[in-house]
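A.B. asks: Supplied in structure tokens, the structure appears directly below.
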Amino acid sequence: MIPVFEPIIGKEEMDAVMDALQKGEISGSFGSYIPNFENEFAKYIGCKYAVAVSNGTTALHLAVAACDIKQGEEILVSASTNIASALAIIHNNAVPIPVDSEPETWNLNLDLIESLITSKTRAIIPVHLFGHPVQMEKLMVIAEKYKLIVIEDCAESHGASVNGKMTGNFGHLNCFSFYANKIITTGEGGMVTTNDELTADKLRLLRNLAFTKPRFFHEEAGFNFRMTGYQAAMGLAQVRKIENIISDKRRVAHLYNKYLANKPGIKTPFEAVWARNVYWMYGIVVDPELGITRNELVRKLSDQGIETRTFFCPMNLQPCVQRVKGFRQIDCPIAENIWENGLYLPSSTNLTEDQIAFVCDAITY
Ligand SMILES: Cc1ncc(COP(=O)(O)O)c(C=O)c1O
Numbered sequence: 004m005i006p007v008f009e010p011i012i013g014k015e016e017m018d019a020v021m022d023a024l025q026k027g028e029i030s031g032s033f034g035s036y037i038p039n040f041e042n043e044f045a046k047y048i049g050c051k052y053a054v055a056v057s058n059g060t061t062a063l064h065l066a067v068a069a070c071d072i073k074q075g076e077e078i079l080v081s082a083s084t085n086i087a088s089a090l091a092i093i094h095n096n097a098v099p100i101p102v103d104s105e106p107e108t109w110n111l112n113l114d115l116i117e118s119l120i121t122s123k124t125r126a127i128i129p130v131h132l133f134g135h136p137v138q139m140e141k142l143m144v145i146a147e148k149y150k151l152i153v154i155e156d157c158a159e160s161h162g163a164s165v166n167g168k169m170t171g172n173f174g175h176l177n178c179f180s181f182y183a184n185k186i187i188t189t190g191e192g193g194m195v196t197t198n199d200e201l202t203a204d205k206l207r208l209l210r211n212l213a214f215t216k217p218r219f220f221h222e223e224a225g226f227n228f229r230m231t232g233y234q235a236a237m238g239l240a241q242v243r244k245i246e247n248i249i250s251d252k253r254r255v256a257h258l259y260n261k262y263l264a265n266k267p268g269i270k271t272p273f274e275a276v277w278a279r280n281v282y283w284m285y286g287i288v289v290d291p292e293l294g295i296t297r298n299e300l301v302r303k304l305s306d307q308g309i310e311t312r313t314f315f316c317p318m319n320l321q322p323c324v325q326r327v328k329g330f331r332q333i334d335c336p337i338a339e340n341i342w343e344n345g346l347y348l349p350s351s352t353n354l355t356e357d358q359i360a361f362v363c364d365a366i367t368y
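Heads up: the sequence shown is residues 4 to 368, going by this note's numbering.
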């Protein structure tokens, strides 16, 4: 069986977690591992502040909450994404407005944004899907023009960059996930990055039940979105290896590219000239020339012990999104096409060339 993803946990992570446990860093309130992980992560991304949280979903929830969005205001979001990106909007009483995908990168189509902006639009959540960055320089110009807040969803894009600048350093607030299958992991975990000190203070306040002085008197309605010390210890060990992990991800992607090159009916992932794609997952989209449908391909691969996953169901088709008061039904033909015809292949960093060749043979014969 070749799993779609297998986490690789080394001795460094185990030693760090043991050390945190021995020091009693078991909660999210004390100790040095959390600030150390936050500082090293911020330094890696190149931004000023990082605030560790319990997962990527709470990172997004906290980021939107910190923006004081009012009930019924609209937030544009990539149509093709994990439901967590839209849930952060819904649970903050705002309205998600899906933006269809680009055919090449599968990220939100920047040319559609201006036509979707209304007087109610307050923010944009661009998602760097499967590790390919959104062209953030272009997106920030549009956001600036309409005075919109930008919250990057970097759950799948740790280390991806646009003209050398990393995702997580363009938006006003930026959210990462450290779930087990992410580029780096703490099992469950997340981070919000920002370059604004007041925003960082607000994130820290809201993350921790909005405790102020006197203790147990609460001006703001906060959350308990804290990460534990031993998760931060694991994250610290992981962030020190991140460039090696990314070069393994890129090695796997380049091998798939080699074996799938010029195969009719298969569209392989894109890497724009201005981008570093970190290939979180190696996604392909099939078309009729392949001779079998996506679902038939999934079954064929599964019969040979190869695990795959389909692409995300787009936000415009999600019942829980459609039920939001004020939701506007927007067609997203590209996002719908990749949801119906896209799948991602095994993408663990320890895949061998033989395994990758075996997967590609199974696809094409
Ligand atoms: C694009 C995207 N956003 C948000 C999340 C949510 O992160 P988490 O699973 O850590 O809550 C994920 C993945 O899980 C994701 O892929």
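Glycine included, every Cβ here is placed at the ideal spot set by N, Cα and C.
Comparing alpha-carbon positions, which option in V137, I366, I100 lies nearest A163?
C.D. replies: Closest option to A163, Cα to Cα, is V137.
A.B. asks: What residue does the beta strand (DSSP E) around P101 start on, and which one ends it?
C.D. replies: P101 -> beta strand (DSSP E) spans 98 to 102.
A.B. asks: Is the separation between the beta-carbon of F273 and that of E155 shorter than 8 Å?
C.D. replies: No, these two residues do not count as a Cβ contact at 8 Å.
A.B. asks: Which one of S350, I127, H131, N42 has the shortest CA to CA distance from K51?
C.D. replies: It is N42.
A.B. asks: When the Cα atoms are used, what is the spatial distance from C335 to W109?
C.D. replies: For C335 and W109, the distance between alpha carbons rounds to 12 Å.
A.B. asks: On a CA-only basis, which of A87, I187, V67, L113 is nearest P317? Give me that one, please.
C.D. replies: Per the Cα distances, A87.
A.B. asks: Cβ atoms of Y259 and C363: under 8 Å apart, would you say?
C.D. replies: Cβ distance < 8 Å, so C363 and Y259 count as in contact.
A.B. asks: Residue ranges of each beta strand (DSSP E) run of no fewer than 3 residues wholly in the region 159 to 184, ordered along the chain?
C.D. replies: Entirely contained in the region 159 to 184, the beta strand (DSSP E) runs reaching 3 residues are, in chain order, 176 to 180.
A.B. asks: Can you check which of these residues, V281, V289, R254, E147, is closest to T271 by C-alpha distance?
C.D. replies: The candidate whose alpha carbon is nearest that of T271 is V289.
A.B. asks: Given 8 Å as the limit, is there contact between the region 143 to 159 and the region 174 to 183, that is, 3 or more CB pairs closer than that?
C.D. replies: Touching, per the Cβ criterion.
A.B. asks: If we count the other Cβ atoms within 10 Å of its Cβ and call it buried at 16 or more, is W342 buried or exposed?
C.D. replies: W342 should be labelled buried.
A.B. asks: How would you label F314, buried or exposed, when you count the other beta carbons within 10 angstroms and need 16 or more for buried?
C.D. replies: With 16 or more other Cβ atoms within 10 Å, it is buried.
A.B. asks: Give me whichever residues DSSP pairs with V56 in a beta bridge.
C.D. replies: Partner(s): G193.
A.B. asks: Among residues of its own chain, excluding the 5 on either side of N265, which ones have a beta-carbon nearer than 6 Å to its beta-carbon?
C.D. replies: Answer for N265: no residue qualifies.
A.B. asks: Taking the alpha-carbon positions, what's the P267 to L304 distance?
C.D. replies: Going by the C-alpha atoms only, they are around 18 Å apart.
A.B. asks: Quick one: Cα of M143 to Cα of Y149, how far?
C.D. replies: Taking the straight line from one Cα to the other gives about 10 Å.
A.B. asks: For a test of the three-state rule: what should DSSP assign to E76, helix, strand or coil?
C.D. replies: The answer is coil: DSSP assigns E76 none of H, G, I, E or B.
A.B. asks: From which residue to which residue does the alpha helix (DSSP H) around R125 run?
C.D. replies: Taken as a continuous stretch (DSSP letters only), R125 belongs to no alpha helix (DSSP H), being part of the beta strand (DSSP E) at 124 to 128.
A.B. asks: In the region 263 to 315, which residue ranges form an unbroken beta strand (DSSP E) of at least 3 residues, counting only runs that do not cross its ends?
C.D. replies: Whole beta strand (DSSP E) segments, 3+ residues: 285 to 289.
A.B. asks: Alpha carbon to alpha carbon, how far is V80 from A19? Give it in angstroms, no decimals.
C.D. replies: Each residue's Cα considered, the two are about 37 Å apart.
A.B. asks: Just the C-alpha distance for A256 and Y285, rounded to the nearest angstrom, thanks.
C.D. replies: Distance between the alpha carbons of A256 and Y285: 6 Å.
A.B. asks: Using CA atoms only, rank isn't needed, just tell me which of K205, A240, Q241, P38 is closest to G225.
C.D. replies: Checking every option, the nearest Cα to that of G225 belongs to K205.
A.B. asks: Could you tell me the boundaries of the alpha helix (DSSP H) in which E223 lies?
C.D. replies: Careful: E223 lies outside any alpha helix (DSSP H) and carries neither H nor E.
A.B. asks: What does the Cβ neighbour count give for H221, buried or exposed, with the cut at 16 atoms within 10 Å?
C.D. replies: Exposed, because fewer than 16 other Cβ atoms sit within 10 Å of the Cβ of H221.
A.B. asks: Output needed for N112: all residues of its chain with C-beta closer than 7 Å, excluding positions within five of it in sequence on either side, in chain order.
C.D. replies: Only V102, D103, S104, E105 meet the Cβ criterion.
A.B. asks: For V67, is the beta carbon positioned less than 7 Å from some heavy atom of ligand 1?
C.D. replies: V67: no, Cβ never under 7 Å from ligand 1.
A.B. asks: Compute every distance between the C-beta of Y182 and the non-hydrogen atoms of ligand 1, then say whether any falls below 7 Å.
C.D. replies: Yes, since a heavy atom of ligand 1 falls inside the 7 Å radius drawn around the Cβ of Y182.
A.B. asks: Measuring only the C-alpha atoms, how far is T121 from T296?
C.D. replies: T121 and T296: Cα-Cα distance of roughly 39 Å.
A.B. asks: Pull up the CB-CB distance for L209 and A69, whole angstroms please, since I reckon it's below 8 Å.
C.D. replies: Contact holds; Cβ gap of about 6 Å.
A.B. asks: Exposed or buried, what is S57 when buried is set at 16 or more other beta-carbons lying within 10 Å of its beta-carbon?
C.D. replies: S57 is buried by the Cβ-count criterion.
A.B. asks: Using DSSP with H/G/I as helix, E/B as strand and the rest coil, what is E147?
C.D. replies: The answer is helix: DSSP assigns E147 an H, G or I state.
A.B. asks: Is S83 a contact residue of ligand 1, with contact defined as CB to any heavy atom under 7 Å?
C.D. replies: Flag unset: Cβ of S83 not near ligand 1.
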